[in-house]
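Read through the structure below, which is laid out as structure tokens, and then see the notes.
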Amino acid sequence: MATFPSRRNSENGSTATSVVMAARLGVVACEDTAMTPKTILLVHGAWHGAWCWASLQAELDRRGVPSLAIDLPGHGVSPLPFSDLHGDAQYVADALSRIKGPVVLVGHSYGGAVITEAATRHPDNVNHLVYLTAFVLDEGEALMPFLKTMPVIETPLGAAIRPTADGAFSTVDPAHSEVSFYGECPEGTTEAANPRLCPQPFATFFQPVTGAPWKTIPSTYVECTLDGAIPIEHQRVMSARCQNIVTLETDHSPFASKPAETADILERLARN
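By numbering that gives the first Met the number 0, the letter at position 81 of the sequence shown is numbered 80, and the numbering carries on one by one without gaps.
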């Protein structure tokens, strides 16, 4: 069963979607915040798009927790050109500025670097940072140089990455995407995801973040022990930087493999 149906409550940069987003956020902002859970803003990782959050958002909807998923520039159905880490982070910071907080800001994988930089730029209404098997970088650190400080561990993703002819982007060999990302997901997930995977600018992996807001903003790391992209040994170096740690026995895509369990974690934070 495919797990990535289209979603209407996601932002992709188009005027129509922005209007829908503004209307939805307006409703959230007008409600009694004491009775309303915080808005959850979801930031996808490399090669993915807002589409990957669909099963998780369905679970959050059932719990009455408002959520928004962003297509980073060039990803998903975004009409914008690809950007770098700082451009991606500014896009998220701009989205944060349109939400009448407080916000639980969630980043998956590379999206962890994005939310770190976005919260550095716009910390005011970020109530909690959630790193979903994601990169937690300190000020001045960049993703690939940081990885080089870790013990070398071969991963399925390492064998799946292919550079484009011009060397500016990386792609994922679809023959290896399941073992890298979706090994514990429902049947049909890989087939639904592969056509939607997009190139990822290499520059996003080499730009440093300019702050470490997880030192001052409450933070939670969700470890995934069966991850084929970020080994659990590396995750645990990064999870130690966060205030809270939750562990799931699943793959790199808990939003699809364990959407109910992931929604339970986020709901607790949204209602705290």
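All C-beta atoms in this analysis are idealised placements derived from N, C-alpha and C, irrespective of residue type, glycine included.
What you are looking at is a predicted structure, and each value in this text was computed from that prediction instead of being measured.
query: 8 Å contact criterion, which residue 46 and residue 234 should meet: CB distance rounded; result: 19 Å between Cβ atoms; not a contact.
query: Per-residue burial, residue 66 [other beta carbons within 10 Å of its own, 16 or more giving buried]; result: buried
query: Alpha-carbon to alpha-carbon, residue 126 and residue 24; result: Only weak support is given to the placement of residue 24: the predicted model assigns it a pLDDT of 40, under 50, and the value that follows is read from those uncertain coordinates. Cα to Cα, residue 24 sits roughly 17 Å from residue 126.
query: Beta bridge counterpart(s) of residue 66 as assigned by DSSP; result: 39
query: Exposure of residue 237, with buried meaning 16 or more beta-carbon neighbours within 10 Å; result: buried
query: Distance between beta carbons of residue 255 and residue 184, contact taken as under 8 Å; result: 5 Å
query: Minimum C-alpha distance to residue 95 - residue among 116, 155 and 141; result: 116
query: Close beta carbons around residue 158, own chain, < 7 Å, minus the five adjacent residues each side; result: 175
query: Buried or exposed by the 16-neighbour rule on C-beta atoms within 10 Å, applied to residue 191; result: buried
query: Residue 245 versus residue 118: straight-line alpha-carbon distance, rounded; result: 21 Å
query: Closest by C-alpha distance to residue 165, when choosing among 138, 180, 188 and 202; result: 202
query: 6 Å CB neighbourhood of residue 264 in its chain, flanking five on each side removed; result: 245
query: Inter-residue spacing [alpha-carbon to alpha-carbon] between residue 260 and residue 144; result: 32 Å
query: Between the CA atoms of residue 151 and residue 76 - distance to the nearest angstrom; result: 35 Å
query: Candidates 230, 232 and 210, of which the one nearest residue 85 by Cα; result: 210
query: Through-space distance from residue 98 to residue 134, alpha-carbon basis; result: 24 Å
query: Proximity of residue 129 and residue 218 at Cβ, strictly below 9 Å; result: yes
query: Residue 226 classed as buried or exposed, judged by whether at least 16 other C-beta atoms fall within 10 angstroms; result: buried
query: Alpha-carbon to alpha-carbon, residue 136 and residue 252; result: 20 Å
query: Cutoff 7 Å; reference residue 58; Cβ partners in own chain excluding five residues on either side; result: 258, 259 and 262
query: Complete runs of the beta strand (DSSP E) confined to the segment 140–177 [at least 3 residues]; result: 160–162 and 168–171
query: Separation of residue 35 from residue 27, as counted between CA atoms; result: Its pLDDT being 38, under 50, residue 27 is placed unreliably in this model, and the coordinates cannot settle the point.
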